Structures are given as structure tokens and as C-alpha cells.
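Peer 1: To convert, take the position in the sequence shown, counting from 1, and add 674; that gives the numbering used here. Pasting in a structure now, in C-alpha cells, and then I'll have a few things to ask.
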Amino acid sequence: RCEYGGFMLSYPPLRLYDIWRDPSYFMAKTKSETLLLAALDYSIEKFVVYCAKKPPRTFFKTVAARLGKKIVYVPLGQFSRITLDKLRVMHILSAKSVRDNAKDYIW
């Protein structure tokens with residue numbers, strides 16, 4: 675069981691460089707900004723959803739436009755505490771074989 679403060683989902687899997695060490699993202703001031711830059715960079719979709727307390731800086735809208743993307747900002751206040759807790763918790767299974775029994779242990 676893992677609890678996250680922020681995350682980025684990307685498809686297809688296993689194609690991300692280490693975004694925390696990539697000099698292309700050093701202009702980001704926070705971890706959430708680093709995730710947003712990576713999402714804009716790696717997304718194959720036009721729209722990138724950004725959920726946070728505050729909207730992204732104007733700089734990110736410019737970057738998105740240059741990449742042909744659009745940031746869809748969703749304030750965290752739109753979600754209930756229960757929904758936020760569900761979004762932040764992730765269970766990592768050790769193998770595909772445990773998926774059948776996982777429902778008995780994951781809440």
C-alpha cells in the first residue's frame with residue numbers, strides 16, 4: 675500500500691526517463707510542476723488534467739500551447755476528502771497471480 679501526494683499516469687508503460695534528474699525539467703519550482711511538465715512532454719493526448727490547490731503558472735499554459743496541448747485544471751477543492759483519499763492510495767501487487775485474492779485484502 676502506497677500513499678501519494680502527487681502522481682502522473684502515462685501510457686504506454688516503461689517509456690519515461692527519470693524526470694527528477696532530467697535537466698529539461700529543472701525550470702520547475704516544485705515537484706507538482708515537474709510532474710506537469712513531464713505530463714505535457716510525454717502525453718500522446720491533447721488534454722492534460724492537472725488537479726491541485728492552485729492553477730498552474732501562466733508559463734505552463736505557454737509550454738502546453740507550444741506542444742499542441744491544453745491543461746485542464748481541476749481544483750482539489752472539487753473533491754471530497756473520501757475521494758481524495760481514494761485517489762492518493764495505490765496498492766502494488768507482487769504478481770498477476772495475486773489479483774484474484776487482492777479484493778480480500780485491499781480496501
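All C-beta atoms in this analysis are idealised placements derived from N, C-alpha and C, irrespective of residue type, glycine included. As the structure is a prediction and not an experimental result, all values here were calculated from the model.
Run through DSSP, which three-state label would Tyr747 get?
Peer 2: The residue labelled residue 747 in the question sits at position 73 within the sequence shown. Strand at Tyr747.
Peer 1: Looking at C-beta atoms only, is the number of pairs between the segment 741-753 and the segment 713-722 that lie closer than 8 Å three or more?
Peer 2: Taking 8 Å as the limit for Cβ pairs, the verdict is that the segment 713-722 does touch the segment 741-753.
Peer 1: Give the DSSP-derived three-state secondary structure of Ala726 in the structure shown.
Peer 2: Counting from one through the sequence shown, the residue named residue 726 turns up at place 52. DSSP places Ala726 in strand when its eight states are reduced to three.
Peer 1: Can you tell me the Cα-Cα spacing of Ile693 and Val772, whole angstroms?
Peer 2: Within the sequence shown, numbered from 1, the residue matching residue 693 stands at position 19. Within the sequence shown, numbered from 1, the residue matching residue 772 stands at position 98. One C-alpha to the other measures close to 30 Å.
Peer 1: Tell me whether the beta-carbon of Ala726 lies closer than 8 Å to the beta-carbon of Leu750.
Peer 2: Position 52 of the sequence shown, counted from the start, is the residue given in the question as residue 726. Position 76 of the sequence shown, counted from the start, is the residue given in the question as residue 750. Result yes, Cβ atoms of Ala726 and Leu750 sit closer than 8 Å.
Peer 1: Compare the beta carbon distance of Tyr699 and Ala712 with 8 Å and say whether it is the shorter of the two.
Peer 2: For the purposes of this step, residue 699 is taken as the residue at position 25 of the sequence shown. For the purposes of this step, residue 712 is taken as the residue at position 38 of the sequence shown. Against a cut-off of 8 Å, the Cβ pair of Ala712 and Tyr699 comes out as a contact.
Peer 1: Looking only at C-alpha atoms, which of Tyr685, Thr708 and Arg689 sits nearest to Asp696?
Peer 2: Translated into the one-based positions of the sequence shown, residue 696 becomes position 22. It is Thr708.
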